[in-house]
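Residue numbers (this note's numbering): 1266 to 1337. We put the beta carbon where it would ideally sit given N, CA and C, even for glycine. Before any comments, here is the structure.
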């Protein structure tokens, strides 16, 4: 199954997946493109911080959904 760049670009809660640079460099100048598209803080969050363990990111996502549901 083929994954499209548009998915990889926003997969990480709106930020690129931390593997985006590794996966897409052979197709186009992905570093140059994302350096222009992302702020310095977004770049750091996406590529320079260690990835959050999946279980923790799932727990955070569940918490956000629960908060949003309570607000409505």
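Here residue 1281 is buried, its C-beta having at least 16 other C-beta atoms within 10 Å. For the set 1302, 1312, 1285, the Cα lying nearest the Cα of residue 1270 is the one of 1285. Secondary-structure assignment with DSSP links residue 1299 through no beta bridge to anything. When DSSP reads this structure, residue 1280 sits in a beta bridge with 1277. The C-beta distance from residue 1311 to residue 1283 rounds to 6 Å, short enough to fall under 8 Å.
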